[in-house]
Amino acid sequence: QLKETRPLEFDEEKHKMLESELKMLYTAITRARVNVFIAESDKTVGLPMINYFKRRHVVDDIDKAKQDESANLRVFGNTSTSEEWQKQGEIYLQKAEGAEGNQKKRMLNLAVKCFENAGDTKR
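The numbering used here puts the first residue of the sequence shown at 516, with every later residue one more than the last.
Shown next as structure tokens:
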């Protein structure tokens, strides 16, 4: 059961470290390709943020008592289907039509990789 986040009075001096940590968290989350793993030894310290993420259904929370559940964690993102690879290849081909030089070559190379991942070796 989720508990409400605790309200905090903002104190600029006390929250300088929090600001720095939130910037690092933002960077980690926005730069991650698939997953971000956050470890906290004192669960009560991070409870407001854990609850925030749980309400948005974007976290898997595993504690020491439930470590056997860690085998079911979503470690890798979803695999793209052949149709998705094919569609992305078509997008890169369209972009290549309007491009020149190195940009055109880059778009064509990306299209080839997409078609290969789609299993379309004739493209």
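Quick reminder that beta carbons are idealized off the backbone N, C-alpha and C, glycines included.
Asked	Found
Can you tell me whether ILE606 is helix, strand or coil according to DSSP?	helix
Between which two residues does the alpha helix (DSSP H) carrying ILE544 extend?	531 to 546
Got a sec? Which residues, its chain only, sit under 7 Å from LYS619 by beta carbon, not counting five neighbours each side?	ALA611
Using only the alpha-carbon positions, how far apart do ARG571 and ARG548 sit?	19 Å
Can you find the residues in the same chain that come closer than 7 Å, C-beta to C-beta, to GLN516, ignoring five residues on each side of it along the sequence?	Low confidence applies here, because GLN516 scores a pLDDT of 49, under 50, leaving its location unreliable and the question unanswered by this model.
Which whole-angstrom value describes the C-beta separation of MET622 and ALA614, a residue pair presumed to lie in contact below a C-beta threshold of 8 Å?	5 Å
What's the C-alpha gap between GLU605 and THR594?	19 Å
Would ILE565 be called buried (16 or more neighbouring beta carbons within 10 Å of its own) or exposed?	buried
Whose CA, out of VAL573, TYR567, SER535, LYS637, lies closest to the CA of VAL551?	VAL573
Taking the C-alpha atoms as reference points, what is the distance between ALA601 and GLU555?	Here the sequence assigns Gln to residue 601, which means Ala is not the residue at that position. Cα to Cα, the separation comes out at about 41 Å.
For ASN632, which three-state DSSP category applies?	helix
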